[in-house]
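S.K.: Below are the structure tokens for one structure; questions will follow.
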Amino acid sequence: MLVLNRKRGKRIVIPGCSVTVTVVAVEGNKVRLGIAAPAEVAVLREELVGRKKARRGAGGKSSNAGLPPSILGKGAAR
């Protein structure tokens with residue numbers, strides 16, 4: 000794991016997949032991040048990935064039901 004210190008407004012670029020992470024705000028022990036990625040790259044919070052895996056295991060079939068369309072990548076099964 001790479002650990003970086005960044006100030007508000009500074010960016011981290013992941014060139015191989017055209018992803019940019021921007022520190023939007025730092026308030027106490029919370030950090031707000033902005034993530035810019037191509038439409039075909041899904042950007043998910045960790046707890047949503049766990050929920051998606053649990054649904055897959057319970058139903059045997061991948062389901063994105065209940066996940067907001069904004070977090071699903073282009074062409075993702077809905």
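Quick note on numbering: numbering that gives the first Met the number 0 labels position 25 of the sequence shown as 24, and the sequence is numbered without any gaps.
Glycine included, every Cβ here is placed at the ideal spot set by N, Cα and C.
Excluding sequence positions up to five away, which residues of its chain have a Cβ less than 7 Å from the Cβ of residue 74?
M.R.: In this predicted model, residue 74 has a pLDDT of only 47, less than 50, meaning its place in the structure is not dependable; the value taken from the coordinates is given anyway. Answer for residue 74: 39, listed in chain order.
S.K.: Give me the residue from 57, 43 and 20 with the minimum Cα distance to residue 7.
M.R.: Closest option to residue 7, Cα to Cα, is 20.
S.K.: Looking only at its own chain, which residues have a Cβ that is under 8 Å from the Cβ of residue 53, when we skip the five neighbours before and after it?
M.R.: Result list for residue 53: empty, nothing under 8 Å.
S.K.: So, under 8 Å CB-CB, residue 42 and residue 32 are touching, yes? Tell me the CB distance rounded to an integer number of Å.
M.R.: Contact doesn't hold; Cβ gap of about 10 Å is too wide.
S.K.: Check for me: the beta strand (DSSP E) holding residue 35 runs from which residue to which?
M.R.: Note, residue 35: beta strand (DSSP E), 29 to 35.
S.K.: Output the distance between the C-alpha atoms of residue 29 and residue 37, rounded to the nearest integer angstrom.
M.R.: Answer to the nearest angstrom: the Cα atoms are 26 Å apart.
S.K.: Here's the rule I'm using: 16 or more other beta-carbon atoms within 10 Å means buried, otherwise exposed. How should residue 51 be labelled?
M.R.: Flag for residue 51 reads buried.
S.K.: Measure the C-alpha to C-alpha separation of residue 12 and residue 34 and round it to an integer number of angstroms.
M.R.: Approximately 10 Å between the Cα atoms of the pair.
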